[in-house]
Amino acid sequence: MDRRTFLIGAGSLAASALLWRPGLALADTPKPYDASMTPPVTNRDDFVKWMVANRAEDPKFLNEKWDRYEALLRNHDIWDAKDGRAFLLTPREDFVRPANLSRAYDHAFLDIGYGVTISGPHAVARMTSSLDVKPGEKVLEIGTGSGYQSAYLSHLTDKVWSIEIIKPLAERTRATYDELIGHGYNEFKAISSKNADGYYGWAENGPFDKIVVTCGIDHIPPPLLQQLTPGGIMVIPVGPPGAQRVLKVEKTVAADGTITVARSDIFNKVVPFVPFTKLEGDTIQGNHNK
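Its first residue numbered 250, the sequence shown is counted upward by one per residue in this note's numbering.
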């Protein structure tokens with residue numbers, strides 16, 4: 250694992266003492282998270298100083314995050330202040346693998362083992378912006394993966410559920426959440442996770458106001474559509490293997506019970522995702538494409 254340096258302000262950044270935090274955030278944050286916590290967004294220096302003082306994060310990664318934040322704004326991947334805040338407060342470096350730490354904020358999908366990836370910042374930001382998550386809404390994620398998407402969502406609502414089909418990956422990511430919670434990242438307490446086949450959703454905790462799917466499939470799974478509230482939004486990569494388009498799916502229910510589904514392409518281009526695999530018993534076999 251890498252060793253993350255950070256500075257704790259003592260009146261000013263320059264007067265700070267140098268401390269170390271190996272790998273994950275293994276030192277407590279100076280100020281445990283609460284929903285009112287908002288970093289400044291007017292300039293880089295104020296952002297970095299605030300994050301060091303309040304989150305004890307490495308200025309190297311914070312500068313890389315700021316660069317990516319500005320790129321996300323230019324590309325219209327972040328649509329409003331709440332989504333910008335969620336991006337800036339989520340330590341992406343804690344969800345990539347050690348070999349990819351130098352690329353944590355690159356515009357790229359990165360390998361996280363088990364044949365899957367962590368989606369690039371632009372994809373996560375645009376998909377999350379399209380959901381328009383509001384405080385208190387219930388959000389379901391299909392494909393926990395590294396945990397970064399759910400971590401991002403936890404800055405938007407305190408009700409996040411996430412399903413991962415690969416058991417050792419689900420266990421590793423849950424351990425990451427719990428480790429970070431132990432050091433002051435209280436927002437991750439909002440995330441409930443389990444190892445299961447996400448095609449069938451999480452009915453006992455539904456219905457959900459928003460659903461985000463982070464794996465590709467050639468149709469919209471009926472159980473997920475059923476678990477989406479009237480007026481709810483799902484973001485899902487749909488299409489043939491390696492050639493999906495990320496759709497925003499909006500569900501409406503008329504007075505007579507008729508369900509209408511409106512679809513729109515949030516990128517207007519092909520964006521390949523890993524396949525939506527399925528469980529046969531306790532074994533992953535094939536995928537859910539028809």
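Think of the CB as a built atom: it goes at the ideal place given N, C-alpha and C, for glycine as much as any other residue.
Computed from a predicted model, the values in this text were never measured in an experiment.
For K459, the closest alpha carbon among the candidates D332, G431, V345, L389 is that of L389.
Taking C-beta atoms as the reference points, K497 and I515 count as a pair closer than 8 Å. Counting C-beta pairs closer than 8 Å gives three or more between the stretch 333–352 and the stretch 391–405, which meets the contact rule. Straight-line measurement puts the Cα of A372 at about 12 Å from the Cα of D355. Around the C-beta of G450, 16 or more other C-beta atoms lie within 10 Å, and the residue is accordingly described as buried. The DSSP-derived three-state label of D294 is helix.
Positions of the beta strand (DSSP E) runs, each at least 3 residues long and wholly inside the stretch 420–459, are given as 440–444 in order along the chain. Cβ-Cβ distances below 8 Å link W299 to P288, P289 in the same chain, with the five nearest sequence neighbours on each side left out; the list follows chain order. For the pair S403 and E436, the CB atoms are nearer than the 8 Å cut-off. By the neighbour-count criterion, in which 16 or more other beta carbons inside 10 Å mark a residue as buried, T532 falls on the exposed side. Here DSSP, grouped into helix, strand and coil, assigns N349 to helix. If you look at M483, you'll find it in the beta strand (DSSP E) that goes 477–487.
V502 carries a strand assignment under DSSP once its states are collapsed to helix, strand and coil. By the beta-carbon neighbour count (other beta carbons within 10 angstroms, threshold 16), G333 is buried. Membership of N536 in the beta strand (DSSP E) is indicated by the continuous run 532–536. According to DSSP, residue pairing for E390 in a beta bridge involves S411, V461. Secondary structure at E306: coil, using DSSP grouped into helix, strand and coil.
Where V510 is concerned, the enclosing beta strand (DSSP E) starts and stops at 508–514. DSSP places L405 outside any alpha helix (DSSP H), giving it a letter other than H or E.
Per the Cβ contact rule, the stretch 359–379 is not in contact with the stretch 428–446 (fewer than 3 Cβ pairs under 8 Å). With respect to the 8 Å criterion, V484 and I440 are not classified as neighbours on the basis of their beta carbons. With contacts defined as CB atoms closer than 8 Å, H537 and I482 fail to qualify as a contacting pair.
When the beta-carbon positions are compared, V462 and Q493 stay at least 8 Å from each other. Check the Cα spacing between L338 and each of F310, R323, P347, S351: the tightest is with F310. Closest by C-alpha distance to P470, out of P486, G480, P479, is P486. Counting along the chain, the unbroken beta strand (DSSP E) around K527 starts and ends at 526–529. Sixteen is the threshold: since fewer than 16 other Cβ atoms of the shown chains lie within 10 Å of the Cβ of T291, the residue is exposed. In the DSSP assignment, S379 falls within the unbroken alpha helix (DSSP H) covering 370–380. G447 places its beta carbon less than 8 Å from that of G392.
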